[in-house]
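Some notes on the structure that comes next.
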Amino acid sequence: MSNDGERGGEGKGADLLASMGAVSVAGVSGKHSSEEIFKDLFIVQSELIDISRKLNNSDSIDETLGIMAEVIDDNADVDGFSINIADVKQKNLVCEFVSLPKEYKGFESTLRYYRYSLDYDGLNARAFKTKQSVFINEDEIVKYSERMQQRYFDWKMMSQVIIPICDGDSAIGTVMISRKNGELTSETVSLLKEKLSFFCKMIQKQRYYADLERKEQQIKRSVEEMEDFHLFIGRISELTSAEQIYETIAEQFLKNYDFNMCGIYLRTSRGLEVKKISTSDDSCRQEADKWFDYWSKNVYRIDMAEGAPAVAFIKNIYVYLEDIQQVAGLPMSVKDKGSYSVINDIHSCLHMPITYRGEAIGILSLWGVRKKVVLDDKDVQFIRRICAFAGTAIRNAETYSVVEKQKKEIEKAAADLERAKVDAESSANAKSFFLANMSHEIRTPLNAIVGLSGLMQHTALSVKQSDYIKKIDGASKHLLGVINDILDFSKIDAGKLSIENIEFNLKERLGEICAFFADKIPEKGIDIVFNYPPFLPAVVMGDQLRIGQVVTNLLGNSIKFTKSGYVELKIEVDNNEKLVISVTDTGIGIPSEKTNALFESYTQAEDSTSRNYGGTGLGLAISKKLVEAMGGEISVSSRVGEGSCFSFTLPFVEGLLEEEGSKENIKRTLYGKSAVIYDDCQALRRSLAKMLSYYGVECVSIGSQYELEHILEQSKHIDIAIVDYAAQDEDSKYLHQLKDLKNNGASVIALMSISENFKNQDAPYTTVINKPVLEEVLIAGIVGEELYKNRCADETFLAKRPVSYDGKRALLVEDNAINQQVALELLKNIGFGVEIAETGLEAIKMLELRYYDIVFMDIKMPVMGGIEATEKIRLNPAFKKLPIIAMTANAMSGDEKVCIDAGMNAYISKPIDPQVLYATINKQLTSVVTKEDMEECSHNDISGCRILLVDDNELNRLVAVDLLEEHSVDMITAESGNEAISILKKERIDIVLMDIQMPELDGYQACKMIREDIQIDDIPIVAVTADNSRGDREKRIDAGMDGYVLKPFSSEELVAVISLKLMRKSRR
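Residue numbers for the sequence shown follow this note's numbering, beginning at 9 and rising by one.
Following this line, the structure appears as structure tokens:
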């Protein structure tokens, strides 16, 4: 030993000898005889010298603890003891040495390194903190926890004492001593405590050096473990199979540690289920197979009583037994005993939780068969780390496995779906082909029936012939409705329905529908009530066509099933979010158990319904699908014999456009006036009262003639009387009363159905209004606004006089002789000169020879069909703007798109509805100059063109001249229509720009005179106007104008209009 070492040894001995005197005196102070005292003192001093010598030769803390154990054994008759050294940083007392009786020797490895918390008020902690010994006997033990009591009595102890290891004020640990026979005396404990104090400084120093060495070893070991761990991570991260991961985990542990068998258990619905048993070599292969069979049949349930693996899983702690053979005879669970009985020679065992995100998902079990495996704390912590990473890898592999399985299932499902899709498409194509052919074959002859019967009604017929024709027309239109229902449903069912969201006048559209039905059902004798509150906005956002289709379906149904009473169309807005449209009737009603099936395809409330009222049962199914496609819901409530109410909701979005005209002046005019309303229909009375109340009119509604006569007799002042024309009798008293009202300046209004004839010329009415009553018509009838004077009693929204197209030329491309005749008559009726081509090829040749204003194109024709013909026509730049309208019996989903894609401008299905035909023509022949037109024509050379500008406003004339000055045109101006006519008679003019509003002779009148009186039809006349409402468009067409340009206009727009019209003129 070096000098430093010798000095160190002398220092340790000096420290000990310095305390001998105090200890000797303390240890024998209880003696009385000086001789005895001297003798005992000599013994104590000899022991202390021996302890000092041994400590001087001690080079490790384990050796020092062994010396302390000898002192404890020599100085106290003990059955068991533990030495617990403080780990101040961790606030624990760590069991560093333990000695148990023979029968409990197997637990020594379990108790060693056990930690007693210093934060917990346990016996060891108390002795350590107070530096006072703690005594326990049978009387004292009852004061402590049940667990401690159980251990005390199970181990058959008579007493326990915990002695602090301390030197003055510094404590380094405790010694816990147990005895089965009697208690230790306080003198023995006191003497032992003093002897133990000799170890304090030595243990502190050795612990310090041991900690340094341990840290050095830890660093070295950590580096090695980290390298090994990274290799393990690298291997396991590449694996996607759970089985491969189990194999790799087992291989890693069996390679790094001396265990020769490894098991992996994962939690399933059954419990902890064995997944893998591996061995380090073939020597344990047979035992591993036995164990796997055993655990496959005996699954650990997740229950503390099941055994060590279950406890480790539930508490998320590890269980380590260094030598199972020493505790094999102690109490343990049935399954633990069963597992150890399968392999008799198991010595060591570790159960470590496999965790994922901190929670146990399984257990790793390591066994030492036929050998003992010793692990320290660092081994255990490293194993814990690997198990945590293994848990993540296992979960990822399971997820990957699930994904792979789902992927295969999806691929299989996709393949099945693709096969089903092919089959479905084949079936759908066959169905579509059949429906298309069926539709075409039915519509072609039906077009002839509908068209010719419609034309025949305008010829001279006998009463009987007229009756026959009306019945033929009605039956054919009913058949057309059936076909349309089927095709509409087919389109919706195929998912090819498109929904628009544009601004439109809902009030006007629904009013048109009501008026249409009123015109069609004069013989029913029922009222149609249109209840659109005046305070609701008229213009909304939505799909005008689809909303109209649903309302038409619902109104048509209600009218069909209502024999008397009324059908009411009511509009509301719910909480400014939902538009609610309802149709209520007083019809036959529907049983409650049948209402749910109404919206199913091909379903009616009763079989007899179809027989009595007809119909396909598709109308409501179509309506439901249309409403849902628009983001709404449809419902029905009904009572048998009382009637039904069908209602649907849609998202409510008010349009930005304002309704024409202001109601404020009318409100001021009507405010405070009084009105009486007489009609037998309560819904109509209610609607009219609501309408008038909005304008400030006080209303009284009555339903009988007697009440009317009574009120007219009693009331001194009535400003407005609204009465049902059908209820009057020439001898009725109230007619005379109404005449008096009229003479006194009151507005007396008669309500009559379209089918009724106004016979009594002497009747006391200021105005006669058709049902259904529209707000603007009623108010105009009351206030006498000029805007409403032209609304005659027999006028409806849909029965507008068609625009005249005198002088226009149309090319009809149609191979069917009857269809040619129908279309020819319809077009001639509005002034067209019509020429016919029977094939697409013939149409192309005719277009090359002469000019046509519009083309009507059939689709299915011999030689060349309409689609191919249109595509070829569009290849010629001269025909780029030529309106081409498809007029075909092809009415299946997608047919319209095919036509538009081919280059057609519009699409009309057969049978041809004259109103639809005329509206389509109007739209195509009155279109404004488009952006494309401007881009194409704004740079065209119009120099030398002679332009006649007709405008009474000097500033407007100067602006137009300035805009066209740079184009070197020859501009001639006129201040009036008469002056323009005079110029046209004398000079050559290429184009006329005609203002509309001029004194004496306005633009419409001037244009008519130019076309008709002086018969100039080859000069384009373009309206220059600030108004493009529907009525003005029709007036322009009727007057013979070729187009229009809206004020204010730019130079580019004006040049484009002139260039476009001159180009079309040259094509003529």
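The beta carbon of each residue, even a glycine, is placed where N, CA and C say it ideally should be. As the structure is a computational prediction, the values presented were derived from the model and not from experiment.
{"query": "Where Gly-753 falls, given that 16 or more other Cβ within 10 Å makes a residue buried", "result": "exposed"}
{"query": "Beta-carbon proximity check, Thr-287 vs Arg-293, cutoff 7 Å", "result": "yes"}
{"query": "Ala-30 to Ser-356 span [Cα, whole Å]", "result": "Below a pLDDT of 50, predicted positions are generally treated as unreliable, and Ala-30, at 45, falls in that range; no measurement from the model is reported."}
{"query": "Test item: CB-CB of Ile-893 and Ala-927 under 7 Å", "result": "no"}
{"query": "First through last residue of the alpha helix (DSSP H) which encompasses Ala-910", "result": "903-910"}
{"query": "Touch test, the segment 49-58 against the segment 132-140, Cβ-Cβ under 8 Å, three pairs minimum", "result": "no"}
{"query": "C-alpha gap between Leu-819 and Met-912, whole angstroms", "result": "14 Å"}
{"query": "Ranges of the beta strand (DSSP E) found wholly within the segment 305-369, counting only runs of at least 3", "result": "327-329, 354-364"}
{"query": "Residues near Ser-37 in its chain [Cβ-Cβ closer than 7 Å; skip 5 each side]", "result": "Bear in mind that a pLDDT of 48 at Ser-37, under 50, signals an unreliable position, so the number given afterwards is only what the model happens to contain. Once the five neighbours on either side are set aside, Ser-37 has no close Cβ partner at all."}
{"query": "Nearest-angstrom Cα separation, counted from Phe-261 out to Ile-394", "result": "9 Å"}
{"query": "Per-residue burial, Gly-1048 [other beta carbons within 10 Å of its own, 16 or more giving buried]", "result": "buried"}
{"query": "Under the three-state DSSP convention, the category Ser-590 falls into", "result": "strand"}
{"query": "Environment of Gln-612 [buried if 16+ CB atoms lie within 10 Å]", "result": "Note that Gln-612 scores a pLDDT of 45, beneath 50, so its modelled location is shaky; the value from the coordinates is reported in the next line. Buried, since its Cβ has 16 or more Cβ neighbours within 10 Å."}
{"query": "Beta-carbon proximity list for Gly-873, same chain, < 7 Å, skipping 5 on both sides", "result": "Gly-848, Ile-867"}
{"query": "Candidates Ile-999, Asp-1021, Gly-985: closest to Pro-1007 by CA position", "result": "Gly-985"}
{"query": "CB contact flag (Gln-745, Leu-782, <7 Å)", "result": "no"}
{"query": "Same chain, Cβ closer than 7 Å to Thr-182, neighbours up to 5 away in sequence not counted", "result": "Asn-92, Leu-101, Asn-132, Ala-135, Phe-136, Ile-170, Ile-171, Pro-172, Ile-173"}
{"query": "Test item: CB-CB of Arg-954 and Asp-978 under 7 Å", "result": "yes"}
{"query": "With 16 other Cβ atoms within 10 Å as the buried cut-off, status of Leu-956", "result": "buried"}
{"query": "Proximal residues to Leu-692 (C-beta, below 6 Å), its chain only, five neighbours per side dropped", "result": "Asp-535, Val-537"}
{"query": "Helix, strand or coil at Lys-379 according to DSSP, with G and I counted as helix", "result": "coil"}
{"query": "Close Cβ partners of Val-382 (< 7 Å) along its chain, the five nearest in sequence each way excluded", "result": "Glu-330"}
{"query": "The segment 515-528 in contact with the segment 550-569 per 3-pair CB rule at 8 Å", "result": "yes"}
{"query": "Per DSSP, cross-strand counterpart(s) of Ala-894", "result": "Met-865, Tyr-915"}
{"query": "Boundaries of the alpha helix (DSSP H) in which Gly-538 is found, first to last residue", "result": "In the sequence on display, residue 538 carries Phe and not Gly. Run containing Phe-538: none in the alpha helix (DSSP H); it sits in the beta strand (DSSP E), 535-539."}
{"query": "Three or more C-beta pairs below 8 Å linking the segment 239-249 and the segment 343-353", "result": "no"}
{"query": "Coil, strand or helix - Phe-512 by DSSP", "result": "strand"}
{"query": "Minimum C-alpha distance to Glu-146 - residue among Val-967, Asp-129, Gln-168", "result": "Gln-168"}
{"query": "Nearest-angstrom Cβ-Cβ length linking Asn-561 and Gly-627, presumed shorter than 8 Å", "result": "4 Å"}
{"query": "Enclosing beta strand (DSSP E) for Gly-815 [first to last residue]", "result": "Where Gly-815 is concerned, there is no enclosing beta strand (DSSP E), given that its DSSP letter is neither H nor E."}
{"query": "Cβ distance (whole Å) where Ala-258 is taken to contact Ser-409 below 8 Å", "result": "Their Cβ separation, rounded to whole angstroms, is 19 Å, which puts Ala-258 and Ser-409 out of contact at 8 Å."}
{"query": "The segment 673-680 in contact with the segment 692-703 per 3-pair CB rule at 8 Å", "result": "yes"}
{"query": "Near the ligand ZN: Glu-314 beta-carbon under 6 Å from a heavy atom", "result": "Of ligands this structure carries none, so the ligand ZN is not represented either."}
{"query": "Leu-659 to Glu-585 span [Cα, whole Å]", "result": "Residue 659 is actually Pro in this sequence, not Leu. Their Cα atoms are separated by approximately 6 Å."}
{"query": "Inter-residue Cα distance where the pair is Asp-129 and Gln-214", "result": "29 Å"}
{"query": "Three-pair Cβ contact test at 8 Å for the segment 642-652 versus the segment 592-600", "result": "yes"}
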